[in-house]
Every structure is written in C-alpha cells, then in structure tokens.
Amino acid sequence: MDKEQFIINAFLNSINGDDGAIVDNWCFSKDLFFENVHFKRSWMSLEQIASKALLINISDAIVMNAKPKYALLGLALPKNLSKAEIKALQKGFLNTAKKFNIKIIGGDTISNHKIDISITLISEIFKKPVFRKGLKIGDLLAFSGNLGQSLKGLELLQQGKKLSPNHRFIKPKIRKDFFYEIAQKLSCAMDISDGLSKDLSRLLKINNLGISWYKNLNSYELYSGEEYEILFAFNPKYENFIKQCAKKHKVKLNIFGQAVKGKYEFVGKEHHF
C-alpha cells in the first residue's frame with residue numbers, strides 16, 4: 001500500500017474516497033497547489049498560478065456533476081511578496097471565480113517561505129451526483145480531449161523553455177458544458193490528475209473490474225499528469241448520444257476500452273508518495 005492510500009484508509013467512511021464528498025445536495029472538495037511541488041515561480045505568472053489552483057479544484061466538482069458556488073482560500077505567502085504581486089494573485093483568483101460564478105467567502109493566510117495554496121470548494125449537485133463507483137461489466141471506457149500535452153509541457157519547462165499562456169500545463173481545459181449534458185448517462189467518472197493509467201487503476205479497483213483495451217495508447221497518453229480531462233464510462237446504448245454531445249461541444253471523444261472481469265495494476269511512477 002502506498003502512503004497516500006495508507007493516509008486515506010485512516011479516514012474511510014461512506015462519504016469520502018471520491019473527487020468530492022457529497023453531503024445532502026452539496027459537494028465539498030479540496031486541492032493543494034504548492035510551490036516547488038506543482039509549480040515553480042519561474043514557470044508561471046502569479047496570476048496564472050492562482051487561476052490554475054482554482055481550476056484544478058473546479059475540475060473535481062464538475063466530475064461529481066456539481067456546480068461550484070463558494071470557495072475558501074488558504075494562502076501561505078512569503079513576507080517579501082509585494083502588494084503588486086499579491087494583487088496579481090488576487091486577480092487570478094477573482095477572474096477565474098467570476099468565470100465560473102463562484103463567490104470567495106473566506107479562508108486563512110499565513111507567512112511562509114514559499115507560495116502554498118489550499119482551496120476548499122463548495123458546490124451544488126446538479127440533479128444527481130456522479131461517483132467513481134458504478135462501473136458495470138460491458139460499460140465503455142472513455143476520456144475527453146488529447147492526453148500527453150501536460151507532461152510534454154513540463155519537460156520543456158524543466159529544460160528552461162517557456163510555454164504559451166494557453167498551454168494545458170498553464171491553463172487546464174475544463175469541459176463543464178459537455179460533462180453536465182452527458183452526466184446522467186454515465187456509470188462513473190473522475191478527472192485525470194495523476195495520469196490516465198494511475199487514475200484508471202483507481203476507477204477499476206473501486207469497482208473490482210478490469211479492462212479490455214480497444215486502443216494502444218503511448219506513454220504520454222498513459223502517464224501525463226495534470227491533464228484535467230475526464231475519464232468516464234457508460235452503457236453502450238448511450239454511445240451515439242455521447243458522441244453527438246462531444247460533437248456539439250467540440251470535444252474529442254476517445255473510447256479506449258470496455259469493462260470486464262479482472263483487475264488492472266498500475267505500473268509507473270507515483271505522483272504522490
């Protein structure tokens with residue numbers, strides 16, 4: 001058992017263990033975005049850092065079929081950060097929150113030697129939540145968009161190169177309109193934050209199933225983290241409907257396998273510890 005799962009197991013109950021926790025008609029989720037773990041200051045502007053920190057939280061809410069309403073910010077910031085730099089962070093949070101109709105309602109700040117951001121998002125369920133659990137034998141497994149660009153971008157940054165402001169590593173694409181339209185036809189879903197292979201192993205493990213592959217995916221498609229595309233499954237009878245929705249929202253649909261009896265073991269580098 002990896003240490004992440006060891007920690008999670010200490011707090012297991014009927015509510016946690018998904019992208020967010022569902023309580024009544026609300027979804028509560030949290031993500032961390034830490035300097036020198038998720039980003040370097042030389043890679044992104046302060047506005048981009050704040051925006052991405054919020055976007056990765058929004059991604060968790062959307063795949064639960066929830067609409068983000070409120071956010072709590074935890075900010076650990078260096079003492080030498082100027083007011084202009086703090087305003088840049090504020091701009092990133094506020095502009096992204098406005099785009100998704102989110103109200104920032106509080107939080108906490110402390111002094112730190114680097115920028116560490118913790119966000120709690122409170123979201124309202126749209127009709128019914130979508131969980132990681134619910135996969136059935138015969139369901140088709142799919143993901144949205146193109147995978148691999150985030151890892152390629154990270155490699156360029158590590159070589160000292162710069163990325164376009166619209167690069168996926170800087171600005172994740174959130175497929176909210178597409179997902180909300182297909183949500184009620186899905187068996188299960190989660191966002192791809194730790195790479196398709198790792199997140200697929202989580203999805204299949206919680207459902208005690210394996211996969212029959214339809215496609216040979218390359219290492220970038222399998223192992224690129226921080227993609228924030230959607231991994232989901234559905235009964236084959238909904239295939240035409242989902243294809244039509246993908247076309248309507250101009251989202252690339254990749255049906256890459258089918259759920260079968262068995263299990264799937266992740267083999268690769270852990271993104272956590």
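Everything in the sequence shown is counted per UniProt numbering, starting at 1 for the first residue and increasing by one. All C-beta atoms, glycine included, are put in the ideal place defined by N, C-alpha and C.
For K269, the nearest candidate out of Q48, N235, L196 (CA to CA): Start at 1 with the first residue of the sequence shown, and residue 269 comes out as number 269. By alpha-carbon distance to K269, the top candidate from Q48, N235, L196 is L196.
In whole angstroms, what is the alpha-carbon distance linking S14 and K114? If you number the sequence shown from 1, residue 14 lands on position 14. If you number the sequence shown from 1, residue 114 lands on position 114. Straight-line Cα distance between these residues: approximately 36 Å.
From the DSSP output, in three-state form, read off I192 for me. On the sequence shown, position 192 is the one that residue 192 refers to. If DSSP states are grouped into helix, strand and coil, I192 belongs with coil.
Can you tell me whether L141 is helix, strand or coil according to DSSP? Here the question's residue 141 lines up with position 141 in the sequence shown. In this structure, DSSP gives L141 an extended state, which the three-state scheme calls strand.
Reduced DSSP secondary structure (H/G/I, E/B, other) of I8: Within the sequence shown, numbered from 1, the residue matching residue 8 stands at position 8. Note: I8 maps to helix in three-state DSSP.
Which of helix, strand or coil DSSP assigns to K103: The residue given as residue 103 occupies position 103 in the sequence shown. Of the three classes helix, strand and coil, the one that applies to K103 here is strand, per DSSP.
So L72 is in the beta strand (DSSP E); what residue range does that whole segment cover? In the sequence shown, the residue the question calls residue 72 occupies position 72. Run containing L72: 66-77, per the beta strand (DSSP E) assignment.
Could you pull out every residue in the same chain whose Cβ sits closer than 8 Å to the Cβ of P78, ignoring the five residues on either side in sequence? For this step, residue 78 is matched to residue 78 along the sequence shown. Cβ within range, chain order: S111, N112, H113, K114, I115.
What's the C-alpha gap between V37 and I117? Mapped onto the sequence shown, residue 37 falls at position 37. Mapped onto the sequence shown, residue 117 falls at position 117. Going by the C-alpha atoms only, they are around 11 Å apart.
Have a look at R202, F34, H249 and flag the residue whose alpha-carbon is nearest the alpha-carbon of F266. Position 266 of the sequence shown holds residue 266. Nearest option by C-alpha distance: R202.
Considering Cα atoms alone, identify which of Q48, K127, A233 is closest to I211. Within the sequence shown, residue 211 is the residue found at index 211, counting from 1. When each option's Cα is compared against that of I211, the closest is A233.
Distance between I137 and K161 (C-alpha atoms, nearest Å): Here residue 161 is taken as the residue at index 161 of the sequence shown, counted from 1. Here residue 137 is taken as the residue at index 137 of the sequence shown, counted from 1. Approximately 45 Å between the Cα atoms of the pair.
Could you pull out every residue in the same chain whose Cβ sits closer than 6 Å to the Cβ of Y220, ignoring the five residues on either side in sequence? Here residue 220 corresponds to residue number 220 of the sequence shown, with the count starting at 1. Counting only Cβ-Cβ distances below 6 Å, and skipping sequence neighbours, we find G148, L151.
Going along the chain, which residues of its own chain have a beta-carbon closer than 8 Å to the beta-carbon of L94, five neighbours each way excluded? Here residue 94 refers to the residue found at position 94 of the sequence shown. So the qualifying residues of the chain are I104.
Quickly, what does DSSP pair N259 with across the bridge? List them, please. For this step, residue 259 is matched to residue 259 along the sequence shown. Residue 259 is actually Ala in this sequence, not Asn. For A259, which the question treats as bridged, DSSP gives the partners I211.
Run of the beta strand (DSSP E) containing F131, from where it starts to where it stops: Residue 131 sits at position 131 when you count from the first residue of the sequence shown. Neither: F131 is in no beta strand (DSSP E) and is coded neither H nor E.
Three-state secondary structure (DSSP) at F273? What you label residue 273 is simply residue 273 of the sequence shown in a count that begins at 1. Confidence is the limiting factor: at F273 the pLDDT is only 45, short of 50, which leaves the residue's position unreliable and the question unanswerable from this model.
Using DSSP with H/G/I as helix, E/B as strand and the rest coil, what is D108? Here the question's residue 108 lines up with position 108 in the sequence shown. D108 falls in the strand class under three-state DSSP.
Can you tell me where the beta strand (DSSP E) holding A233 begins and where it ends? Within the sequence shown, numbered from 1, the residue matching residue 233 stands at position 233. First-last of the beta strand (DSSP E) with A233: 230-234.
G153, buried or exposed, once every other Cβ within 10 Å from all chains shown has been counted against 16: The residue given as residue 153 occupies position 153 in the sequence shown. Per the 10 Å Cβ criterion, buried.
Please report the residue range of the beta strand (DSSP E) in which L121 lies. Taking the sequence shown and counting its residues from 1, one reaches residue 121 at position 121. Its beta strand (DSSP E) spans residues 116-125.
Per-residue DSSP class, three states only, for E35: Position 35 of the sequence shown holds residue 35. In the structure shown, the three-state DSSP call for E35 is strand.
Please report the straight-line C-alpha distance between L12 and F6, rounded to a whole angstrom. Counted from its first residue, the sequence shown places residue 12 at position 12. Counted from its first residue, the sequence shown places residue 6 at position 6. Each residue's Cα considered, the two are about 10 Å apart.
In the structure shown, what three-state DSSP assignment does L253 receive? For the purposes of this step, residue 253 is taken as residue 253 along the sequence shown, with counting starting at 1. Three-state result, L253: strand.
Could you check whether H249 and F178 sit closer than 8 Å to each other, using their CB atoms as the reference points? Within the sequence shown, the letter at position 178 stands for residue 178. Within the sequence shown, the letter at position 249 stands for residue 249. Going by beta carbons, F178 and H249 fall inside the 8 Å limit.
When the distance is taken between beta carbons, is I255 closer than 8 Å to Y214? What you label residue 214 is simply residue 214 of the sequence shown in a count that begins at 1. What you label residue 255 is simply residue 255 of the sequence shown in a count that begins at 1. Yes, these two residues count as a Cβ contact at 8 Å.
Does the pairing of the segment 41-49 with the segment 71-91 give three or more beta-carbon distances under 8 Å? yes
From S187 to I242, what does the alpha carbon distance come to, in whole angstroms? In the sequence shown, the residue the question calls residue 187 occupies position 187. In the sequence shown, the residue the question calls residue 242 occupies position 242. In a straight line, the C-alpha of S187 is about 13 Å away from that of I242.
Grab the span of the beta strand (DSSP E) containing I22 for me, first residue to last. Position 22 of the sequence shown, counted from the start, is the residue given in the question as residue 22. I22 -> beta strand (DSSP E) spans 21-23.
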